[in-house]
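Chemist: Let me give you the structure first, and then I'll get to my questions.
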Amino acid sequence: MSSRDTRRTDPVAFLDERLNVAGPLRKTLRYVFPGHWSFLLGEMALYAFVVLVATGTFLAFFFEPSSAQTTWHGPYAPLDGVQVSRAYGSALDLSFTVPGGLLMRQTHHWAALVFLVAITLHLLRVAFTGAFRKPRELTFAVGVTLLMLAVVEGYVGYSLLDDLLSGMGLAIGYSTALSIPGVGGALGTLIWDGPFPGGPALEPRLYILHVFILPASIAALISAHLFMIVRTRHTQFRGPGRRERNVVGVPLWPGYALRSLGWLLAVSAVLVLLGGLVQINPVWQWGPFEPWLGENGAQPDWYLGWLIGALRLMPNWEITAFGHAIVPNPFFGGVIFPEAVFGFLYALPWLDRVVFTRESEAHHLLDRPRDNPRRTGVLAAALILVATVFFFGSADRVFLSLSIPYELQLWLFRAFVLMGPIVAYSVTRRSCLALRRAGAHPLRDVDAELIAPRAAGESQPVGGP
Amino acid sequence: MIRLLWRLLGIIGIVRGVLRAAHPPRDEDDGVDPSRRELVATPRSEHALAVLLIAGGLVLTAFGVLIALDADPRVLGGVLGIGLALLAAAAIVGGLRVVAQEVAVEERPAMGDQAARAQLADDLGRGVEGVSRRRLIIAAAGVAGTGLAAAAALPVTALGPAPRDLDASRWRAGVLLVDEDDAPLSADDLEVGSFVTAFPSGADKRELGSPVVVVRVDPATLALPAARRGWAPDGLLAYSKICTHAGCAVSLFRHPLYEPASGPPALVCPCHYSTFDVRRAAEVTLGPAGRPLPQLPLRVDGQRRIVAAGPLSGSVGPAWWGTRRL
Numbered sequence: 026m027s028s029r030d031t032r033r034t035d036p037v038a039f040l041d042e043r044l045n046v047a048g049p050l051r052k053t054l055r056y057v058f059p060g061h062w063s064f065l066l067g068e069m070a071l072y073a074f075v076v077l078v079a080t081g082t083f084l085a086f087f088f089e090p091s092s093a094q095t096t097w098h099g100p101y102a103p104l105d106g107v108q109v110s111r112a113y114g115s116a117l118d119l120s121f122t123v124p125g126g127l128l129m130r131q132t133h134h135w136a137a138l139v140f141l142v143a144i145t146l147h148l149l150r151v152a153f154t155g156a157f158r159k160p161r162e163l164t165f166a167v168g169v170t171l172l173m174l175a176v177v178e179g180y181v182g183y184s185l186l187d188d189l190l191s192g193m194g195l196a197i198g199y200s201t202a203l204s205i206p207g208v209g210g211a212l213g214t215l216i217w218d219g220p221f222p223g224g225p226a227l228e229p230r231l232y233i234l235h236v237f238i239l240p241a242s243i244a245a246l247i248s249a250h251l252f253m254i255v256r257t258r259h260t261q262f263r264g265p266g267r268r269e270r271n272v273v274g275v276p277l278w279p280g281y282a283l284r285s286l287g288w289l290l291a292v293s294a295v296l297v298l299l300g301g302l303v304q305i306n307p308v309w310q311w312g313p314f315e316p317w318l319g320e321n322g323a324q325p326d327w328y329l330g331w332l333i334g335a336l337r338l339m340p341n342w343e344i345t346a347f348g349h350a351i352v353p354n355p356f357f358g359g360v361i362f363p364e365a366v367f368g369f370l371y372a373l374p375w376l377d378r379v380v381f382t383r384e385s386e387a388h389h390l391l392d393r394p395r396d397n398p399r400r401t402g403v404l405a406a407a408l409i410l411v412a413t414v415f416f417f418g419s420a421d422r423v424f425l426s427l428s429i430p431y432e433l434q435l436w437l438f439r440a441f442v443l444m445g446p447i448v449a450y451s452v453t454r455r456s457c458l459a460l461r462r463a464g465a466h467p468l469r470d471v472d473a474e475l476i477a478p479r480a481a482g483e484s485q486p487v488g489g490p
Numbered sequence: 015m016i017r018l019l020w021r022l023l024g025i026i027g028i029v030r031g032v033l034r035a036a037h038p039p040r041d042e043d044d045g046v047d048p049s050r051r052e053l054v055a056t057p058r059s060e061h062a063l064a065v066l067l068i069a070g071g072l073v074l075t076a077f078g079v080l081i082a083l084d085a086d087p088r089v090l091g092g093v094l095g096i097g098l099a100l101l102a103a104a105a106i107v108g109g110l111r112v113v114a115q116e117v118a119v120e121e122r123p124a125m126g127d128q129a130a131r132a133q134l135a136d137d138l139g140r141g142v143e144g145v146s147r148r149r150l151i152i153a154a155a156g157v158a159g160t161g162l163a164a165a166a167a168l169p170v171t172a173l174g175p176a177p178r179d180l181d182a183s184r185w186r187a188g189v190l191l192v193d194e195d196d197a198p199l200s201a202d203d204l205e206v207g208s209f210v211t212a213f214p215s216g217a218d219k220r221e222l223g224s225p226v227v228v229v230r231v232d233p234a235t236l237a238l239p240a241a242r243r244g245w246a247p248d249g250l251l252a253y254s255k256i257c258t259h260a261g262c263a264v265s266l267f268r269h270p271l272y273e274p275a276s277g278p279p280a281l282v283c284p285c286h287y288s289t290f291d292v293r294r295a296a297e298v299t300l301g302p303a304g305r306p307l308p309q310l311p312l313r314v315d316g317q318r319r320i321v322a323a324g325p326l327s328g329s330v331g332p333a334w335w336g337t338r339r340l
């Protein structure tokens with residue numbers, strides 16, 4: 026190829042002569058991704074976030090973050106001519122009159138739910154395989170922070186709409202802020218711009234948090250998370266030729282880039298199909314919020330289930346002194362419980378070093394859960410504890426559909442919160458020890474042993490990879 | 015069903031295996047080279063890729079047209095979702111059946127470089143070479159930093175008013191009880207077992223101190239404390255509607271059809287199911303609320319209207335440090 030041709034046609038040369046990127050780009054394209062289905066969970070969270078930003082940008086063009094009252098007019102007869110806030114009114118407009126608005130609103134809501142599912146499953150994968158160990162403690166801490174921000178972002182997001190359900194959620198948030206000893210009252214009025222239901226600045230504050238401060242922080246932390254992963258390279262499971270000092274897998278170009286693009290498109294497709302076909306948060310059915318209105322059977326988005334569960338499960342203790350409520354009840358379930366859970370998560374790499382493994386070597390090969398029975402046992406205990414509290418959050422729905430009395434459930438769940446983790450720890454630890462002794466992959470072992478009779482005299486192995 | 019049975023047998027198999035086998039070896043270098051490279055494209059897979067790309071492109075164009083026509087959201091979602099799914103399939107076919115399939119082995123970069131670290135410490139140290147009063151300067155910088163942090167953080171207090179009277183209420187003796195449409199409540203309209211929300215006449219209904227629940231019970235069953243005798247004329251009782259636990263509206267009234275089976279009449283908050291016994295001054299009988307709902311003393315005037323006979327008995331709404339216990 027002559028040099029004239031190169032100047033005219035080669036975009037790589039064009040960029041490289043101006044930005045000096047051919048070397049780093051080549052290294053990037055050769056970056057190796059070890060293959061395991063569980064590694065797709067983190068990517069799923071990333072791609073749900075992409076969908077959230079795309080649909081959220083659309084919604085922001087139409088939503089009015091204002092508590093000013095207005096009379097709504099639109100095609101939905103039950104609310105036509107009703108006094109509502111501009112926030113709620115614009116959410117109704119998005120649902121009924123903006124072309125594609127309802128699709129975007131519902132896709133946004135589904136994407137938020139899936140975003141947190143993906144983060145949670147990714148966290149469990151990382152925790153149970155010991156992927157948080159040195160040198161990835163900081164990556165892990167950033168990931169835990171991302172989970173926390175995502176929960177807050179979701180709560181603020183659905184609180185913006187000023188429908189009955191979001192108002193009930195805000196009342197609980199306000200009471201939880203108020204319950205913080207000493208500073209609670211000031212904190213509550215500070216955030217709400219006055220006593221509940223709040224001043225005119227509340228909506229704009231929630232809005233700037235939801236569309237700028239929190240998503241920008243999440244985007245920045247995602248970048249930091251990915252940067253740290255690239256610095257250390259991915260972890261990998263044990264396998265032929267896989268060692269602590271190498272990474273075995275598919276290079277970014279072309280195989281992994283296409284697979285990952287396919288995953289992005291598949292996640293988006295599912296979210297859009299859910300948004301188009303499966304109704305979520307029909308705010309027109311809840312109606313506008315007034316502090317004296319409530320609704321039975323109200324449930325928050327799933328990622329707040331563990332907090333409503335904790336608030337409901339807590340006995341009605343309040344610490345009082347000098348005739349004043351020093352530690353109001355919501356402090357236990359709404360503040361101490363989530364802080365303890367996140368504290369446990371942040372402390373996990375340290376706990377692992379001083380309690381579970383008692384060593385501080387760097388690890389790039391992942392443990393299988395059985396490889397460290399004590400870590401797996403403690404994680405299972407923590408998971409059972411949070412899951413128990415989470416499921417109690419929907420005890421009222423269980424009462425409605427299965428007629429198990431709420432009061433009975435309350436006592437059963439209280440007992441299970443105390444006993445469940447102990448049982449989970451012991452059963453999990455023993456199972457891990459037994460599996461380790463077996464030294465076999467459980468499913469593969471099954472395949473080798475099971476023979477199913479098919480016809481007389483014939484037999485055929487069942488299952489199998 | 016048969017499959018399930020075999021699964022179950024499989025689990026038994028695992029347990030048996032578990033009891034037998036030995037610990038897996040943890041060898042580091044097995045001498046295996048897993049790297050490979052394979053060209054997999056066939057005319058068929060390339061055609062499939064092209065078809066998927068074209069189909070996806072056409073469906074997505076259709077979405078653009080449909081949104082301009084303001085189609086039903088279900089149609090829009092279905093079409094956009096199918097278009098994206100076709101492109102997803104294209105990317106996956108391309109990634110797995112068209113481009114070269116490669117498994118590569120990359121050596122992991124060593125984490126941390128001793129020499130660079132020493133050099134860095136050296137460079138940092140040389141930056142402050144010849145400075146003798148380091149401690150003084152560090153302490154001074156600490157003062158500066160604290161001031162800067164305070165200057166940055168304290169304006170946050172401008173966000174909201176000081177927390178005074180979070181539990182204030184407009185209820186006083188003589189204030190008329192009105193409904194959502196400002197019509198006075200008549201004592202004769204309330205039957206035993208009924209349940210209405212009332213507000214102080216002329217007050218802001220949205221204030222937490224405003225809404226109260228009015229119920230009527232059989233006066234013979236009342237069990238109010240002695241100090242509240244006369245607060246419930248004809249069995250009419252009023253309690254603050256804002257839950258003392260987490261500020262939700264106590265919007266459920268559980269009036270028993272048959273009391274021995276379902277317990278006494280109670281107000282229930284739908285958020286966390288705090289349950290308040292209406293006959294016993296809203297004592298908490300279940301759930302997380304730490305104190306009873308404040309009670310509003312009532313009287314019935316000459317026109318049979320319900321009127322407040324005094325202020326609420328305690329702090330309204332969710333508790334904070336300023337909340338007085340009853």
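If you read the protein sequences in the order shown, they are chains A and B. If you use the numbering used here, the first sequence closes out at 490, no skipped numbers anywhere. If you use the numbering used here, the second sequence closes out at 340, no skipped numbers anywhere. Beta carbons are placed, not taken as given, at the ideal position from N, Cα and C, and that holds for glycine. Computed from a prediction, not measured in an experiment: that's the story for all the values here.
#1: Just confirm the distance between the C-beta atoms of V273 (chain A) and V117 (chain B), as a whole number of angstroms; I'd bet it's less than 8 Å.
#2: Secondary structure at R313 (chain B), three-state DSSP: helix, strand or coil?
#3: Indicate whether T401 (chain A) and V442 (chain A) have their beta-carbon atoms separated by less than 8 Å.
#4: Is the beta carbon of A240 (chain B) closer than 8 Å to that of L312 (chain B)?
#5: Buried or exposed for P220 (chain A), please, with buried defined as at least 16 other CB atoms from any protein chain shown within 10 angstroms of its CB.
#6: Looking at chain A, is there any beta carbon in it that lies within less than 8 Å of the beta carbon of P325 (chain B)?
#7: When Cβ atoms are compared, which residues of the region 44–68 of chain B fall closer than 9 Å to chain A?
#8: So with CB distances below 9 Å, who are the chain B contacts of D218 (chain A)?
#9: Does I233 (chain A) come within less than 8 Å of chain B when only Cβ atoms are used?
#10: CB-CB under 7 Å to L458 (chain A), same chain, minus the five flanking residues each way: which ones, in chain order?
#11: Show which residues of chain B have a CB atom less than 8 Å away from the CB atom of D41 (chain A).
#12: Quick check on the burial criterion: 16 or more other C-beta atoms within 10 angstroms. Buried or exposed for T75 (chain B)?
#13: Taking DSSP as the reference, what is the three-state secondary structure of D41 (chain B)?
#14: Tell me which residues share the same chain as Q115 (chain B) and place their Cβ nearer than 6 Å to its Cβ, disregarding the 5 neighbours each side in the sequence.
#15: Is I205 (chain A) helix, strand or coil when you go by DSSP?
#16: In terms of residues, what are the limits of the alpha helix (DSSP H) holding E68 (chain A)?
#17: Between P353 (chain A) and A333 (chain B), is the Cβ-Cβ spacing less than 8 Å?
#18: I106 (chain B) touches chain A at which residues, Cβ-Cβ below 7 Å?
#19: If you reduce the DSSP assignment to three classes, tell me which class A296 (chain B) lands in.
#20: Can you name the residues of chain A whose CB is closer than 8 Å to the CB of W335 (chain B)?
#21: Count the other CB atoms, across all protein chains shown, that sit within 10 Å of the CB of V142 (chain B); report buried if there are 16 or more and exposed otherwise.
#22: For a test of the three-state rule: what should DSSP assign to D136 (chain B), helix, strand or coil?
#23: Between the alpha carbons of P302 (chain B) and D181 (chain B), how many angstroms are there, rounded?
#24: For my contact list, R270 (chain A) and R50 (chain B) are in at a C-beta cut-off of 8 Å; report their separation, rounded to the angstrom.
#25: Count the C-beta pairs between the region 181–193 of chain A and the region 312–330 of chain B that are closer than 8 Å, then say yes if the count reaches three, no if not.
#26: Am I right that L171 (chain A) and I144 (chain A) are in contact with their C-beta atoms under 8 Å? What's the rounded C-beta distance?
#27: Could you tell me the distance, in whole angstroms, from the CA atom of P521 (chain A) to the CA atom of R184 (chain B)?
#28: Does the beta-carbon distance from E432 (chain A) to L300 (chain B) come in below 8 Å?
#29: Between the Cα of R88 (chain B) and the Cα atoms of A:E228, A:R395 and A:G300, which residue gives the shortest distance?
#30: Run the CB neighbour count on V57 (chain A), radius 10 Å, all protein chains shown included, and call it buried at 16 or more, exposed below.
#31: With burial defined as no fewer than 16 other Cβ atoms inside 10 Å of the residue's Cβ, what is the status of S426 (chain A): buried or exposed?
#32: Buried or exposed: where does T211 (chain B) fall if 16 or more other Cβ atoms within 10 Å of its Cβ makes it buried?
#33: With DSSP as the reference, label E143 (chain B) as helix, strand or coil.
#34: Leaving out five residues on either side along the sequence, give the residues of the same chain with a beta carbon under 6 Å from the beta carbon of V67 (chain B).
#35: Please check if any C-beta of chain B sits within less than 8 Å of the C-beta of F221 (chain A).
#36: How would you write the range of the alpha helix (DSSP H) that S248 (chain A) sits in, first residue to last?
Modeler: Considering the structure as presented:
#1: 7 Å
#2: Note: R313 (chain B) maps to strand in three-state DSSP.
#3: For T401 (chain A) and V442 (chain A), no; Cβs fall outside 8 Å.
#4: no
#5: buried
#6: no
#7: D44, G45, V46, D47, P48 and S49
#8: L173, G174 and P175
#9: no
#10: P398
#11: Within 8 Å Cβ-Cβ: nothing; D41 (chain A) doesn't reach chain B, min ~23 Å.
#12: exposed
#13: Any reading at D41 (chain B) must be qualified, since the residue scores a pLDDT of 44, below 50, and its modelled position is unreliable; no value is offered.
#14: Excluding residues within five positions, the ones whose Cβ falls inside 6 Å are E52 and V54.
#15: coil
#16: L65 to A85
#17: yes
#18: R284 and G287
#19: coil
#20: Contact of W335 (chain B) with chain A by beta-carbon distance below 8 Å involves P206, G207, G209, G210, H349, A350 and I351.
#21: exposed
#22: Assignment of D136 (chain B) by DSSP, reduced to helix, strand and coil, places it in the helix class.
#23: 19 Å
#24: So it is not a contact: roughly 20 Å between Cβ atoms.
#25: With a cut-off of 8 Å on Cβ pairs, the region 181–193 of chain A is not in contact with the region 312–330 of chain B, counting fewer than three such pairs.
#26: 7 Å
#27: Look at the range of chain A in this structure, 26 to 490, and you will see that residue 521 (chain A) is not part of it.
#28: It is a contact, given that the beta carbons lie within the stated cut-off.
#29: A:G300
#30: buried
#31: exposed
#32: By the 10 Å Cβ count, T211 (chain B) comes out buried.
#33: coil
#34: Per the sequence shown, the amino acid found at residue 67 (chain B) is Leu instead of Val. If we look at L67 (chain B) and ignore the five residues flanking it on each side, its Cβ neighbours are A104.
#35: yes
#36: L239 to T257
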